[in-house]
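Visitor: Number 320 in this note's numbering belongs to position 318 of the sequence shown; there are no gaps in the numbering.
For each residue, glycine too, the CB sits at the ideal point set by N, CA and C.
Predicted model only: the values in this text are computed from it and were never measured.
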Amino acid sequence: MKLATIAAILGVTQAVDVEQPNESLIHEAEDMEMQCKDMDTIDSESLLEATEDIELEKNIKSTYKKHYNRTKKQVDAENNHIISTQAKCLKFVQKYRGHAKVCNWCKKAKAPSVIWKWDPSRRVWYRWYDNKWHYWGPSKRGFTTVGWTWYKGYWHHNGWVFKYYGNYWYRFQGGKWVRYGRQVPIKPKVPIGPKICRPFYLLKKWGFPTSLGSKRLPRCRVGSGKKAAYYMWKDRKACRFLGGRLVYQTHKTCKTGRPHQWARVIRCVAGPKISKRGLNYKTGRKFRHTSTKREVVLGGMRVGGCYKFRAYSHSRNYFSNVGTYAKNSASSRLNTWKIVAGIDGTRNSITFKDRTNRYGLMLYSSKRTRFFWNKYLHKKNSTFYGLKGLMGRGVSFMPAHKRGYFLQHASNNAVLFNKYNGKTAFKRSATWYAIKSKC
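#1: Is it buried or exposed for Cys241, if we count other Cβ within 10 angstroms and need 16 for buried?
#2: On the three-pair Cβ rule with 8 Å, is the region 366-373 touching the region 310-328?
#3: Please report the distance separating the alpha-carbon of Arg218 from that of Met234.
#4: Here's a check: name, in chain order, each residue in its chain whose Cβ is nearer than 6 Å to the Cβ of Trp150, leaving out the five neighbours to either side.
#5: Relative to the C-alpha of Ser351, which residue among Asn319, Arg395, Arg405 is closest?
#6: Would you call Tyr378 buried or exposed, if buried means 16 or more other Cβ atoms sit within 10 Å of its Cβ?
#7: DSSP on Tyr283, reduced to helix/strand/coil?
#8: Whole angstroms are fine: how far does the CA of Tyr131 sit from the CA of Ala111?
#9: Beta-carbon of Leu92 versus every beta-carbon of chain D: anything under 7 Å?
#10: Considering only C-alpha positions, which residue in the set Arg357, Lys207, His403, Asn337 is nearest to His262?
#11: I need the straight-line Cα distance from Arg173 to Phe164, nearest angstrom please.
#12: So Met364 and Phe386 are in contact, right, with Cβ under 8 Å, and what is the actual spacing, rounded?
#13: Could you tell me whether the region 188-198 touches the region 262-280, where touching means 3 or more Cβ pairs closer than 8 Å?
#14: Please name the residue, chosen from Ile188, Pro140, Cys441, that lies closest to Trp157 on a Cα-to-Cα basis.
#15: Measure the CB-CB distance between Gly286 and Gly177 and report whether it falls below 7 Å.
#16: According to DSSP, is Asp121 helix, strand or coil?
#17: Within the same chain, show all residues whose beta-carbon is closer than 7 Å to that of Gly225, passing over the 5 residues directly before and after it, in chain order.
#18: Report the partner residues of Gly388 according to the DSSP bridge assignment.
#19: Please classify Phe289: does DSSP put it in a helix, a strand, or coil?
#20: Can you give me the Cβ contacts of Gly183 inside the same chain, cut-off strictly under 8 Å, excluding the 5 residues immediately before and after it?
#21: When the Cα of Asn423 is compared with those of Asn414, Phe408, Tyr435, Trp434, which residue comes out closest?
#22: When you compare only the Cα positions, how much space is there between Trp264 and Tyr203?
#23: Nearest to Trp127 by CA position, among Gly388, Ser398, Gly139, Val116, is which residue?
#24: Given a cut-off of 7 Å, decide if Phe354 and Trp434 are closer than it, judged by their beta-carbon atoms.
#25: Mapping the DSSP letters down to three states, classify Arg296 as helix, strand or coil.
#26: Under a three-way DSSP split, which group does Ser331 fall into?
#27: Report the three-state DSSP secondary structure of Cys308 (helix, strand or coil).
#28: Which full runs of the beta strand (DSSP E) of 3+ residues lie inside the region 152-238, going along the chain?
#29: DSSP three-state label for Thr371, please.
#30: My output table needs one value for Ala89: the three-state DSSP class, helix, strand or coil.
#31: Work out the CA separation of Leu244 and Lys60 for me, nearest whole Å.
#32: Cβ of Gly389 within 7 Å of Cβ of Lys429?
#33: So, is Cys441 buried or exposed, given that buried needs 16 or more other C-beta atoms within 10 angstroms?
#34: For Lys278, which residues from the same chain have a beta carbon less than 8 Å from its beta carbon, with the 5 sequence-adjacent residues on both sides left out?
#35: Helix, strand or coil: which one does DSSP assign to Ile268?
#36: Rounded to whole angstroms, how far is the Cβ of Ser431 from the Cβ of His411, which I believe are closer than 8 Å?
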């Protein structure tokens, strides 16, 4: 039977017999309405078995006041009120369960969102979630000490997420679940990563030269005045690690006498604070952040990436800029090109740009190709399709607005654009291997 709120039933019980009202029933309904108006849901079978004189088994390590913000006497009184009140309400409903309005209400009432179960032997509550019963504690209010809350199936303390699994507590930290132990203290400490330690050389004693040569050298000074400590200078990052600042000292090179004495020391700082963010409550694991930026690959080349293009039949020659002209060269260093989307907006097209994105390739005169600064590039003549190589591998380039023409390795190593003639020699000369390179 659905027991979320008995008060709705009580509203109709006053009309059990409309023609012949029963005064005792009306008074009983009014009395039950006051008692049952705030009744919580409970497992009916375990409720009827509850007794009041069962000894309490201690299920927590510390005191009631510390865990539940109320004394044992207050918790017992609260539980007795809930159990006795709900037992009376159930008895009342069972007494008039044959009434049509009571039955109709029970059918229409929503199932309780939170289901409880009382263990009479241990006098503790269990709560139903994740398709099984979970231990809740002697108080239905739960673990109400300051800082602790229950949210979406997990315990929380100051933003840290805890769960109980396999007789152990786990805390979500650094993007993963870390086993905490069999018990969790009332105020768990914030986790900190391991200490970071580094070696340094500390000036222990000043030398006493009798004759010397001098020059200024950097030092890392920590503190000020007589308590200042001087360390050999490594770099600014190491000095910040010590909490010091850069100073310059006159270095005295001892020809005779006693030199400065340095001691190798280890200095440590506290480890980094571990992050408590990133839990996906739906999966119980870390969020997997997927990039929303769409990656476009054309002809085996990623748009926005940089490549070198090696000639199919000339393994030492690369597509290069030689005196502003496009050639296959074995010696030119200007042979890395950034593949960007076609500047004229043609779909699935590309444009060749240098790594600094300052100039690009363009069709020039009747057959030749040449590199021009961006402001001089003609959009249509600078747009190409990157297709699968005519030799069945690699990549070939066809001008977007000259269908049937391809960039081709000529006999003088120049890169021309000619019309496709179907011959194997043409296929070889119009095919390059794209080699991924750094921009």
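Guide: Let me lay it out:
#1: For Cys241, the number of other beta carbons within 10 angstroms of its own is at least 16, and it is reported as buried.
#2: Judged by Cβ distances under 8 Å, the region 366-373 makes contact with the region 310-328, as three or more pairs qualify.
#3: C-alpha separation (whole angstroms): 13 Å.
#4: By the criterion of a C-beta distance shorter than 6 Å, Trp150 is surrounded in its chain by His159, once the five residues flanking it on both sides are discounted.
#5: Its Cα nearest to that of Ser351, the residue Arg405 stands out among Asn319, Arg395, Arg405.
#6: Under this definition Tyr378 is an exposed residue.
#7: In the structure shown, the three-state DSSP call for Tyr283 is coil.
#8: One C-alpha to the other measures close to 21 Å.
#9: The structure shown contains no chain D; it is built from a single protein chain.
#10: Of Arg357, Lys207, His403, Asn337, the residue nearest in Cα terms is Lys207.
#11: One C-alpha to the other measures close to 5 Å.
#12: So it is not a contact: roughly 10 Å between Cβ atoms.
#13: Counting C-beta pairs with one atom in each stretch, the region 188-198 and the region 262-280 have three or more that are closer than 8 Å, which means they touch.
#14: When the alpha-carbon of Trp157 is set against those of Ile188, Pro140, Cys441, the nearest one is in Ile188.
#15: In this structure, Gly177 does not lie closer than 7 Å to Gly286 by Cβ.
#16: In this structure, Asp121 counts as strand in the three-state DSSP scheme.
#17: Excluding positions up to five away in sequence, the list reads Ala231.
#18: Note: Gly388 is bridge-paired with Phe399 in the DSSP secondary-structure output.
#19: Secondary structure at Phe289: coil, using DSSP grouped into helix, strand and coil.
#20: Answer for Gly183: Tyr170, Trp171, listed in chain order.
#21: Minimum Cα distance to Asn423 is reached at Phe408.
#22: Looking at the two C-alpha atoms, the distance is approximately 6 Å.
#23: When C-alpha distances from Trp127 are compared across Gly388, Ser398, Gly139, Val116, the shortest belongs to Gly139.
#24: No, the pair does not count as a contact, with Cβ atoms beyond the cut-off.
#25: Under the three-state reduction of DSSP, Arg296 is assigned to coil, being neither helix nor strand.
#26: In the structure shown, Ser331 adopts extended strand secondary structure according to DSSP, grouped into three states.
#27: Residue state, collapsed to three classes: strand.
#28: Assignment of beta strand (DSSP E) within the region 152-238, counting only whole runs of 3 or more residues, yields 156-159, 162-167, 170-175, 178-183, 198-207, 210-224, 231-234 in chain order.
#29: Assigned with DSSP and collapsed to three states, Thr371 falls in strand.
#30: DSSP places Ala89 in the helix class (H, G or I) of the three-state scheme.
#31: Bear in mind that the predicted position of Lys60 carries a pLDDT of just 41, short of 50, making it unreliable; the figure below should be weighed with that in mind. Those two C-alpha atoms are separated by around 51 Å.
#32: According to the sequence displayed, residue 389 carries Leu and not Gly. Contact: no.
#33: Around the Cβ of Cys441, a 10 Å sphere holds fewer than 16 other Cβ atoms; the residue is exposed.
#34: Result list for Lys278: Gly161, Trp162, Val163, Phe174, Gln175, in chain order.
#35: Ile268: strand per DSSP, three-state reduction.
#36: Going by Cβ atoms, the distance from Ser431 to His411 rounds to 4 Å, so yes, they are a contact pair.
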